[in-house]
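Participant:
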Amino acid sequence: MKNTVLFVFLLFFIVSCKTLQNDGENYVADETPPLGYNPIFITNKVEYDASNKDSLQVNISNVRYEGNKTSAFVHLINDNNNLLTNASKKDKIWCQVIDSTNLGERLIKSEILEYKDINSSPISLAIVMDHSGSMGEERAKNMQLAVQKLIENKRNKDRITLIRYDNKIALHGGPESDVSKLKASHQINGLQGYGSLTATRDAIIEAVSVLEKEPLTHKRAVVVFTDGYDNSSKLEIDDVVKAAREKNIFVSTVDYGYNVNEKMLKEIANRTYGIYHHIYLTHEFDYVFEDIYNRLSNYYLIEYDVDSFGDHKLKLKICVDGKEFFDEFSYNNTPPVGSLVLLNVLFDHDKSTLKKESKKAVKMLADYMKNNPELNIELHGHTDNTGNPDYNLKLSDKRAETVKNELVSLGIEDKKISFIGHGDTKPIADNNTNDGRANNRRTEFLLK
Numbered sequence: 004m005k006n007t008v009l010f011v012f013l014l015f016f017i018v019s020c021k022t023l024q025n026d027g028e029n030y031v032a033d034e035t036p037p038l039g040y041n042p043i044f045i046t047n048k049v050e051y052d053a054s055n056k057d058s059l060q061v062n063i064s065n066v067r068y069e070g071n072k073t074s075a076f077v078h079l080i081n082d083n084n085n086l087l088t089n090a091s092k093k094d095k096i097w098c099q100v101i102d103s104t105n106l107g108e109r110l111i112k113s114e115i116l117e118y119k120d121i122n123s124s125p126i127s128l129a130i131v132m133d134h135s136g137s138m139g140e141e142r143a144k145n146m147q148l149a150v151q152k153l154i155e156n157k158r159n160k161d162r163i164t165l166i167r168y169d170n171k172i173a174l175h176g177g178p179e180s181d182v183s184k185l186k187a188s189h190q191i192n193g194l195q196g197y198g199s200l201t202a203t204r205d206a207i208i209e210a211v212s213v214l215e216k217e218p219l220t221h222k223r224a225v226v227v228f229t230d231g232y233d234n235s236s237k238l239e240i241d242d243v244v245k246a247a248r249e250k251n252i253f254v255s256t257v258d259y260g261y262n263v264n265e266k267m268l269k270e271i272a273n274r275t276y277g278i279y280h281h282i283y284l285t286h287e288f289d290y291v292f293e294d295i296y297n298r299l300s301n302y303y304l305i306e307y308d309v310d311s312f313g314d315h316k317l318k319l320k321i322c323v324d325g326k327e328f329f330d331e332f333s334y335n336n337t338p339p340v341g342s343l344v345l346l347n348v349l350f351d352h353d354k355s356t357l358k359k360e361s362k363k364a365v366k367m368l369a370d371y372m373k374n375n376p377e378l379n380i381e382l383h384g385h386t387d388n389t390g391n392p393d394y395n396l397k398l399s400d401k402r403a404e405t406v407k408n409e410l411v412s413l414g415i416e417d418k419k420i421s422f423i424g425h426g427d428t429k430p431i432a433d434n435n436t437n438d439g440r441a442n443n444r445r446t447e448f449l450l451k
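Basically the numbering used here = 1-based index in the sequence shown + 3.
(1) Whole-angstrom Cβ separation of Phe253 and Gly277, contact assumed at under 8 Å?
(2) Below 8 Å on the Cβ atoms is my contact criterion, and I expect Glu447 with Val365 to pass it. Report the Cβ-Cβ distance as a whole number of Å.
(3) Figure out for me which residue from Gly176, Glu50, Asn192 has the closest Cα to the Cα of Gly139.
(4) What residues are listed by DSSP as bridge partners for His281?
(5) Would you call Ser361 buried or exposed, if buried means 16 or more other Cβ atoms sit within 10 Å of its Cβ?
(6) May I ask you to report which of helix, strand or coil DSSP gives Tyr426?
(7) Judging by CA-CA distance, which residue of Asn442, Phe76, Asp82 is the nearest neighbour of Ser91?
(8) Measuring CB to CB, does Leu185 end up less than 8 Å from Asn234?
(9) With DSSP collapsed to three states, give me the class of Ala149.
(10) Where are the beta strand (DSSP E) runs, 3 residues long or more, that stay fully inside the region 109-176, in chain order?
(11) Helix, strand or coil for Thr104, going by three-state DSSP, please let me know.
(12) Between which two residues does the beta strand (DSSP E) holding Phe350 run?
(13) Looking at the unbroken alpha helix (DSSP H) that takes in Glu293, where does it start and where does it end?
(14) For the beta strand (DSSP E) containing Asn65, name the first residue and the last one.
(15) Using 8 Å as the Cβ pair cut-off and three pairs as the minimum, do the region 349-363 and the region 94-105 touch?
(16) Does DSSP put Glu179 in a helix, a strand or coil?
(17) Look at the alpha carbon of Asp334 and the alpha carbon of Glu215, and state the distance between them as a whole number of angstroms.
(18) With 16 other CB atoms within 10 Å as the buried threshold, where does Phe329 fall?
(19) Cα-Cα, which of Val227, Arg162, Asn170 is closest to Gly177?
(20) If we count the other Cβ atoms within 10 Å of its Cβ and call it buried at 16 or more, is His280 buried or exposed?
(21) Which term fits Val227, buried or exposed, when burial requires 16 or more other beta carbons within 10 angstroms of its beta carbon?
(22) Shortest alpha-carbon distance to Pro1 belongs to which of Tyr259, Lys401, Pro430?
(23) Please state whether DSSP places Gly198 in a helix, a strand or coil.
(24) Given Leu449, which residues of its chain have a CB within under 6 Å of its CB, disregarding the five upstream and five downstream residues?
(25) Would Ile126 and Lys222 qualify as a contact pair, given that the criterion is a beta-carbon distance under 8 Å?
(26) Once you ignore the five residues that flank Arg298 on each side, which residues in its own chain have a CB closer than 7 Å to its CB?
(27) Does the distance from the C-beta atom of Thr389 to that of Arg440 stay below 8 Å?
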């Protein structure tokens, strides 16, 4: 089926190897899947109705968390790997959402929203392809053919960047929307010019550095595919996560076979709000791309506030005609030291007064600092681009200072808090839309 969408949150195709291999050695392209291997690849979309509800599966694909806000991306799938759409208004099937912590369980009440690819924004997608020695010629060519299909099926407005790497990293095309130009730069030539060690994390950082220059009107995403271990990167997992999250770039990861660092790839995907897959067969390359596209551009969204930082488990129950279907997703929303984190506080246009509904987020942050007295905090204020830049700079200072004063009133020492205003100089969204301007009127914090 021809893909007509690419998504946000997507995509960065990386493959990483465990050891350096000798040129000319023969490799087995397909691995033997483990007993019980039964991956779910979404290949089509159908409307939810009485004819397909009995085979329903519920899947929490990922959870995004910023400050006290949590967003869960949910998919309903039937036994034929069809994504079930138009179920957001079926209130009776969404029977229970629970947030569980060591303090107990809390029932969540939230409107179920549905997002479909028909209305999705343009996407800027970085595809990073591992060409390390362990890939072998046949597997590398199958990967390249899958990427070629992706290029051929992309929407006109989407932009693609092509990166190949082993222990060196090279841009092979893009960012570009023209299909003919992308195909001309994407050769099906196996490991030609490559075949050495693997620098997966460094390659991800390179892709993020390309995507951060792309228009804010585009959803920016990466897919990572690997067949082994990273053995030559200079950068660490935390460096990758920090770069991707601060630039609002999603990283999806796919690993292949047995000699893989599943823990690293799953952690990167979870912490950057991407999708993770583990496959064993080369013909699954096409399916895994299609699945990621479908999941990231079509989903049900559950948004809710949490009361504390730390370990959380989201539990979701779907009820259909007396049958119950479950899924759960564990995550830790503790803000990382040294990284900018969004603090979900709201200000009216041209105002620096903290809105009542925002005080919960500030209190949650104050409680965390009291439990970690060694930490200091730096607040960063931002505005949209409406009005005079000098005025906006002063307004952003006032907003950051307002949050500081609220923290002090909650018992945090004044000397532990600093703040800076950036005005409208660091937008994270399109200032030409109401939603974009609202997202740019923000406060971030950095723990030190």
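Don't be surprised by glycine CBs; every beta carbon is placed ideally from N, CA and C.
Facilitator: So, from the listed chains and residues:
(1) What you label residue 253 is simply residue 250 of the sequence shown in a count that begins at 1. What you label residue 277 is simply residue 274 of the sequence shown in a count that begins at 1. Contact between Phe253 and Gly277 holds, since their C-beta atoms are separated by about 5 Å, short of 8 Å.
(2) Locating residue 447 in the sequence shown gives position 444, where the first residue counts as 1. Locating residue 365 in the sequence shown gives position 362, where the first residue counts as 1. No, Glu447 and Val365 are not in contact; Cβ-Cβ is about 13 Å, not under 8 Å.
(3) Position 136 of the sequence shown, counted from the first residue, corresponds to residue 139. Checked all of Gly176, Glu50, Asn192; the closest Cα to Gly139 is Asn192.
(4) Here residue 281 refers to the residue found at position 278 of the sequence shown. The bridge partners DSSP lists for His281 are Asp258.
(5) For the purposes of this step, residue 361 is taken as the residue at position 358 of the sequence shown. Counting every other CB atom within 10 Å of its CB across the protein chains shown gives Ser361 a total of 16 or more, marking it as buried.
(6) Walking along the sequence shown from the start, residue 426 turns up at place 423. A quick correction: the sequence has Gly, not Tyr, at residue 426. In this structure, DSSP gives Gly426 a state outside helix and strand, which the three-state scheme calls coil.
(7) Residue numbering aside, residue 91 sits at position 88 when the sequence shown is read from its first letter. Nearest C-alpha to Ser91: Phe76.
(8) If you number the sequence shown from 1, residue 185 lands on position 182. If you number the sequence shown from 1, residue 234 lands on position 231. Going by C-beta atoms, Leu185 is not nearer than 8 Å to Asn234.
(9) Locating residue 149 in the sequence shown gives position 146, where the first residue counts as 1. In this structure, Ala149 counts as helix in the three-state DSSP scheme.
(10) Runs found: 115-118, 126-133, 162-168.
(11) The residue labelled residue 104 in the question sits at position 101 within the sequence shown. For Thr104, the secondary structure class from DSSP, reduced to helix, strand or coil, is strand.
(12) On the sequence shown, residue 350 is found 347 positions in, with the first residue counted as 1. Segment: none, Phe350 is in no beta strand (DSSP E) and carries neither H nor E.
(13) Walking along the sequence shown from the start, residue 293 turns up at place 290. First-last of the alpha helix (DSSP H) with Glu293: 287-300.
(14) Working through the sequence shown from its first residue, we reach residue 65 at position 62. Per DSSP, Asn65 is one residue of the beta strand (DSSP E) stretching across 60-69.
(15) Cβ pair count under 8 Å is below three, so no.
(16) In the sequence shown, counting from the first residue as 1, residue 179 sits at position 176. Strand, per DSSP.
(17) Numbered from 1 along the sequence shown, position 331 holds the residue referred to as residue 334. Numbered from 1 along the sequence shown, position 212 holds the residue referred to as residue 215. Looking at the sequence provided, one finds Tyr at residue 334 rather than Asp. Cα to Cα, Tyr334 sits roughly 26 Å from Glu215.
(18) As a working mapping, residue 329 is identified with position 326 in the sequence shown. Per the 10 Å Cβ criterion, exposed.
(19) Translated into the one-based positions of the sequence shown, residue 177 becomes position 174. Residue Arg162 is the option with its Cα nearest to Gly177.
(20) Against the sequence shown, residue 280 aligns to sequence position 277. Under this definition His280 is a buried residue.
(21) On the sequence shown, residue 227 is found 224 positions in, with the first residue counted as 1. Result: buried.
(22) As shown, the chain starts at 4 and ends at 451. That puts residue 1 outside it, with no answer to give.
(23) By one-based count along the sequence shown, residue 198 stands at place 195. In the three-state DSSP reduction, Gly198 falls in the coil class, being neither helix nor strand.
(24) The residue you call residue 449 lines up with position 446 of the sequence shown. Closer than 6 Å at Cβ, skipping near neighbours: Leu343, Glu381.
(25) Mapped onto the sequence shown, residue 126 falls at position 123. Mapped onto the sequence shown, residue 222 falls at position 219. Contact annotation: Ile126 and Lys222 have beta-carbon atoms nearer than 8 Å.
(26) As a first step, residue 298 must be located in the sequence shown, where it is residue number 295. For Arg298, where only same-chain residues beyond five positions count, the Cβ hits under 7 Å are Ile45, Ser64, His78, Ile278.
(27) The sequence position of residue 389 within the sequence shown is 386, counting from 1. The sequence position of residue 440 within the sequence shown is 437, counting from 1. Going by C-beta atoms, Thr389 is nearer than 8 Å to Arg440.
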